[in-house]
Structure formats: C-alpha cells, structure tokens
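Heads up: the sequence lines are chains A and B, in that order. If you use the working numbering, the first sequence corresponds to residues 273 to 513, in order. If you use the working numbering, the second sequence corresponds to residues 41 to 309, in order.
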Amino acid sequence: MTLRYEYAVETEDLAKYYVMGPVTVRALDGVSVKIRRSEYLSIMGPSGSGKTTFFNMVGGLDRPTRGKVFIDEVDIASLDAYELAWLRAKKIGYIFQTFNLIPVLTALENVTLPMVFTGVEREERLRRAREMLTRVGLGERLDHKPGELSGGQQQRVAIARALVNDPVIVLADEPTGNLDLHTGLEIINLLKTLNTEKKVTIINATHDLKMIDVSDRIFWLRDGKIERIETRAEVAVKEVE
Amino acid sequence: MTVLLAIKYIKTIKAPTPKTSKTVSSMLTKSFTLITEKAAGVKVNKLYLRLETSWWYGLSGEEGVKFPLSEAFSFSLESIKRRFGRALVTMASIVLGISFLTFLLTTGRIVSILYGEGSGVAVQFYQLWMAVIALLICSVGIVNSMLMSVTERYKEIGTMKCLGAMNTHVLEIFLIEALLLGLIGGGIGAVAGWAIATVWQAFTQASPVNIFMVSASLWTEFNASNPLLLLANPLIDIALSVIIALLAALAPAYIAAKLSPTEALRYEV
Chain A
273 MTLRYEYAVE TEDLAKYYVM GPVTVRALDG VSVKIRRSEY LSIMGPSGSG
323 KTTFFNMVGG LDRPTRGKVF IDEVDIASLD AYELAWLRAK KIGYIFQTFN
373 LIPVLTALEN VTLPMVFTGV EREERLRRAR EMLTRVGLGE RLDHKPGELS
423 GGQQQRVAIA RALVNDPVIV LADEPTGNLD LHTGLEIINL LKTLNTEKKV
473 TIINATHDLK MIDVSDRIFW LRDGKIERIE TRAEVAVKEV E
Chain B
41 MTVLLAIKYI KTIKAPTPKT SKTVSSMLTK SFTLITEKAA GVKVNKLYLR
91 LETSWWYGLS GEEGVKFPLS EAFSFSLESI KRRFGRALVT MASIVLGISF
141 LTFLLTTGRI VSILYGEGSG VAVQFYQLWM AVIALLICSV GIVNSMLMSV
191 TERYKEIGTM KCLGAMNTHV LEIFLIEALL LGLIGGGIGA VAGWAIATVW
241 QAFTQASPVN IFMVSASLWT EFNASNPLLL LANPLIDIAL SVIIALLAAL
291 APAYIAAKLS PTEALRYEV
C-alpha cells in the first residue's frame, strides 16, 4: 500500500552550526520549508549562504545541529544506519557539481550500481540502466568510462544514476556548476523533462540563474536563512518591471 | 482514538525480540516513541499513518539495502583488474617482502637439514633475527601501500555511500581486495623466494638432486612446536601474507568506512 503524501520533504527549524575555534559558523539557521511532490525547486543564494548544507541535511548525508527533516513524512533523524542507507539508495538520487562517477566503471556500470544495493536482479539491472541511459541520450556510449566522456555527458550519466531507482526526490548540488552555458542549459532542460515525465521532486542548490525559467518555486537563501520564497510567475513579473 | 489503538497494538508485543536485523517490533517501538512524542499535537493522525504505511515499515520484508558477498567479491575483483597498475605496486611490496622472508628461511632450512643440526643454535638465532627483520620490512611495505590505495579512494567511498552502501559494505570491499592481493602476492612471493633459494643452493652446493628433494619437503613440513620451522613452509608464508595484508588494510578501511558521506566527498588527496 502506498500513500501519496502531499509533501516529499518538510523541514522544521533546520539548523547546522560549525564550530571553528572561537567562532560558530551558522551555515543553516532555522529553515522551515515544505516541498511538494513532483515540484521543481531551486535554492538560490550566494556561495556560503547554506545551499550545500541544506542539500546535505535533506539528503541525510549529515546530521543537523537542530531541527528536523521529514522525507515522505518520516523524520530521518529517527532512522538507524540500515534505514538511512535504504533512504539514500531508494528514496533519494544525488547529482553533484563534480559528477562523482566511479572512474573505473563504465557508464552502464555506474548506472547499475545503485540497483545493486536495492537488490535488483542482474539482468533487470542492465536492462533498466540501458533504458535510462538511452533516455538521457547516451545510448551509444554505454561502455565508455567517465574519463572518456565530456562534462555534459558525465552529468547525464550522473542523472541516469540518480533516477534509475525511481527515487522520490532528486537532489542536485550545483548540477551546472562545472558546465558551459549551452551544456548547462541542456542539463537543466533534461532535468525538467524528467521531472514532468516521472513526477519526481527535483531540488536544485544553485546560483545558475538559468534555473529560474524551469523552476516551480525558488527559495532565496541568505546567511543560512530563507530570505524569500517566490514562484516562477512572481520572478517573471519582477523582471518585466 | 488512533493513538490508543496504536498503543494497544504495540503493547501486545512483549519485550523486543533479540536484535536480529529489522524486526517489525523494533519498527513499532520506534513509531511508538514518535507517537507519544507528539501525542497532544495535531499530527497524531498522520503519525499513525506513518506507522501503517510509511516506507520504512516495509523495510522488515523484502526491502532494505543489500550487498551480497558475491557482489562484494566481484566488485573487488573488478576493482583490482581495472586498477591493475595500482594493484601491481601494492602486490610488488607483498611479493618482495614475502619472497625475501621465504628465501631466507628456505636457505636456512636447506643448510641446517643437509649439514646437520650440530651448528644449530647459532644458525637458528641468526635465522630468527633475519626472519623477524624480513617480516617487519614486508609488513611496513604492505601497510604503506594498503594505506595509499584506500586513501586515494575516499571520494569513491563517499559516492558509494550516497548510493546506499553501508559502512560494512565499504569495509567488505576493501578487506576482500586485501585478501586477494595478499593471496596472489603471497603466492608469487613464496614460490619465487623458495625457488630462488633452492636453485641458488643447488648451484653452490654439492648434490643438486638432494637439495631439490630437501626443499620440496619443506612444503609439507608442519612442525607446530618450532615457529621458525613452521615459517619455513612456503604455504605458511602465503597465509602470513594474507594475514598481514588484511591487518594492514583494516585500519585505513575502517577509518574510510566510518567517514560520513560528506566528509568522504570533501576529501582531496
């Protein structure tokens, strides 16, 4: 039985402080947000505003100092290591600025890897990975290693890897940060298409303004706090003015 | 009402069953704390739903991350194959250390068997020291290369963890790799050391046939009462190499496995 919750992600007063000698850096300072299912969301802000910290907290990659994160209505702080691993494997797909593919594995093997952890049969794994890579436009480059692919292609492999387990949320940390303007735009459009097709929630931490055009909502982050939340329409109106 | 029902349900389950893996009761107790925590709040209904339908409730069945040993084994094997250059460097230190050790002990054994145990005490003492030093050199080399091969893959470990690998899975991969390297390196080293010692003795001493017979007999010599004699068996040297490789990989692999994904990903070599 699956119940469709309204919110894929909820945070309550989420905060992360780093103590560096005598100084306490408030990377994230009381963020409470609700992110709906199949929403395409961008978190924008200057570097150091807490985007990546937010990304790490929501993705269950790091523990918050204060506050809670709910994924599919479950408080992830209450999960043990085994459940947390399942959350990362099955519920969340990660996309990084630096792609983070396994260098010794081919594109196909990189995409099959998450399915190893979720216990998918070998044949089924290969079939789904091929299908997913074809979907992102890399059907011809299955057996290439990451080193033999361009930045944009590597990011496509990473996107395929993030989506192959049909996660609830895809978290992307500066997905276009290492790409040129044109390739970046292609990646943004690909993410948007997959968002519409698969109804997957996509959360981007970015300072790439091209993202605004496809985002349903934009969270503006400054000094670890939500400065304002805007919908795409609101941003568009501002631009006209 | 729902709270009462839930509490009632939980109460029917007595003391938590022995902590095997994911039992339903442990799930329920967890939900129970969640419910009591917010019993007064408006979220109670939702929490009860969590108890019934949330995805981690399903973990007690077929779901949950998996990484069977066969997968870990093939992953490690692939990793050695693909990084063959790196593996060769690691293996070279094992081969050199173990072959040096085996060479010394085989030579010592041949000499003492053929020319009597009479001069025994002095020879054995000198042999022991040489063996200890050879072992130390061997261990330091292996520890060093294992350390390197783990630390240069921190980023990969971080990625694996984001994809659902648990600490134990990471540890498994590295220990299997160490086992394979220890086995192959130790095998080559022991055979090489033994063969060189035998051939060298055969050339310098009087009766080659006799020497081949003696050195061949070393492979089946299991004298547990004398550790030095035991070590002179090349098979034991291979086992020793596996043990050293495992111990050497254990510390760095454990540290790497314990890293949080963010720390591992941030790590620059």
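Virtual Cβ for every residue (Gly too), placed ideally from N, Cα, C.
Every unbroken alpha helix (DSSP H) within the region 388-427 of chain A, with a cutoff of 4 residues, ordered by chain: Segments of the alpha helix (DSSP H) lying fully in the region 388-427 of chain A: 394-407.
Residue range of the beta strand (DSSP E) that includes Arg-306 (chain B): Stepping through the second sequence from its first residue, residue 306 (chain B) is reached at position 266. For Arg-306 (chain B), no beta strand (DSSP E) run applies; the uninterrupted alpha helix (DSSP H) run containing it begins and ends at 301-306, by DSSP.
Residue from A:Ala-299, A:Val-281 and A:Glu-278 whose Cα sits closest to the Cα of Ala-287 (chain A): Along the first sequence, one-based indexing puts residue 287 (chain A) at 15. Here the closest residue by C-alpha is A:Ala-299.
Any chain A beta carbon closer than 9 Å to Met-186 (chain B): The count along the second sequence starts at 1 and reaches residue 186 (chain B) at position 146. No, because no Cβ of chain A sits closer than 9 Å to the Cβ of Met-186 (chain B).
Minimum Cβ-Cβ distance from Leu-300 (chain A) to chain B less than 9 Å: Taking the first sequence and counting its residues from 1, the one referred to as residue 300 (chain A) is at position 28. False, the Cβ-Cβ gap to chain B never drops below 9 Å.
Sequence-distant residues of its chain with Cβ nearer than 7 Å to Asn-105 (chain B) (five each side left out): Taking the first residue of the second sequence as 1, we reach residue 105 (chain B) at position 65. It should be pointed out that residue 105 (chain B) corresponds to Val in this sequence rather than to Asn. Result list for Val-105 (chain B): Gly-204 and Met-206, in chain order.
For Asp-301 (chain A), three-class secondary structure by DSSP: Numbered from 1 along the first sequence, position 29 holds the residue referred to as residue 301 (chain A). Residue state, collapsed to three classes: strand.
Chain A within 9 Å of Leu-203 (chain B), Cβ atoms only: Taking the first residue of the second sequence as position 1, residue 203 (chain B) is located at position 163. Chain A, which has a Cβ nearer than 9 Å to the Cβ of Leu-203 (chain B), makes this yes.
Sequence-distant residues of its chain with Cβ nearer than 6 Å to Ile-228 (chain B) (five each side left out): Counted from its first residue, the second sequence places residue 228 (chain B) at position 188. Val-135.
Contact under 9 Å by Cβ, Ala-291 (chain B) with Leu-187 (chain B): As a first step, residue 291 (chain B) must be located in the second sequence, where it is residue number 251. As a first step, residue 187 (chain B) must be located in the second sequence, where it is residue number 147. Yes, the Cβ-Cβ distance between Ala-291 (chain B) and Leu-187 (chain B) is below 9 Å.
CB contact below 9 Å: Ser-94 (chain B) versus chain A: Walking along the second sequence from the start, residue 94 (chain B) turns up at place 54. The predicted model places Ser-94 (chain B) with a pLDDT of 48, which falls under 50 and marks its position as unreliable; any figure quoted below should be read in that light. The beta-carbon of Ser-94 (chain B) is placed less than 9 Å from the nearest beta-carbon of chain A.
Neighbour flag for Pro-447 (chain A) against chain B, beta carbons, 9 Å: As a working mapping, residue 447 (chain A) is identified with position 175 in the first sequence. Using beta-carbon distances, Pro-447 (chain A) does not count as an interface residue toward chain B, since no partner is under 9 Å.
Through-space distance from Arg-400 (chain A) to Thr-147 (chain B), alpha-carbon basis: The residue given as residue 147 (chain B) occupies position 107 in the second sequence. The residue given as residue 400 (chain A) occupies position 128 in the first sequence. For Thr-147 (chain B) and Arg-400 (chain A), the distance between alpha carbons rounds to 58 Å.
Length at least 3, wholly inside the region 170-246 of chain B: the beta strand (DSSP E) runs in chain order: Within the region 170-246 of chain B, no complete beta strand (DSSP E) segment of 3 residues or longer occurs.
Within-9 Å CB hit, Thr-283 (chain A) to chain B: The residue you call residue 283 (chain A) lines up with position 11 of the first sequence. It does not; no Cβ of chain B falls within 9 Å.
Proximal residues to Gly-222 (chain B) (C-beta, below 6 Å), its chain only, five neighbours per side dropped: Numbered from 1 along the second sequence, position 182 holds the residue referred to as residue 222 (chain B). For Gly-222 (chain B), where only same-chain residues beyond five positions count, the Cβ hits under 6 Å are Ser-281, Val-282 and Ala-285.
Contact set between Ile-374 (chain A) and chain B, taken where Cβ atoms lie within less than 7 Å: Within the first sequence, numbered from 1, the residue matching residue 374 (chain A) stands at position 102. Here the neighbours are Glu-196 and Thr-199.
Interface flag, Met-206 (chain B) vs chain A, CB-CB below 9 Å: Here residue 206 (chain B) refers to the residue found at position 166 when the second sequence is read from its first residue. Among the CB atoms of chain A, one or more fall inside 9 Å of the CB of Met-206 (chain B).
DSSP beta-bridge partners of Arg-308 (chain A): Here the question's residue 308 (chain A) lines up with position 36 in the first sequence. Arg-308 (chain A) pairs with A:Tyr-279.
Bounding residues of the beta strand (DSSP E) (the contiguous stretch that carries Glu-502 (chain A)): Stepping through the first sequence from its first residue, residue 502 (chain A) is reached at position 230. That run of the beta strand (DSSP E) goes 497-503.
8 Å contact criterion, which Ile-177 (chain B) and Ala-237 (chain B) should meet: CB distance rounded: Position 137 of the second sequence, counted from the first residue, corresponds to residue 177 (chain B). Position 197 of the second sequence, counted from the first residue, corresponds to residue 237 (chain B). Going by Cβ atoms, the distance from Ile-177 (chain B) to Ala-237 (chain B) rounds to 17 Å, so no, they are not a contact pair.
Beta-carbon proximity of Ile-475 (chain A) to Leu-359 (chain A), cut-off 9 Å: In the first sequence, residue 475 (chain A) corresponds to position 203, counting from 1. In the first sequence, residue 359 (chain A) corresponds to position 87, counting from 1. For Ile-475 (chain A) and Leu-359 (chain A), no; Cβs fall outside 9 Å.
Neighbour flag for Tyr-354 (chain A) against chain B, beta carbons, 9 Å: For the purposes of this step, residue 354 (chain A) is taken as the residue at position 82 of the first sequence. Interface residue, yes.
Chain A residues whose Cβ lies nearer than 7 Å to that of Arg-123 (chain B): Locating residue 123 (chain B) in the second sequence gives position 83, where the first residue counts as 1. Val-376, listed in chain order.
Coil, strand or helix - Glu-469 (chain A) by DSSP: Position 197 of the first sequence, counted from the first residue, corresponds to residue 469 (chain A). Here Glu-469 (chain A) carries a helix assignment [DSSP, helix/strand/coil].
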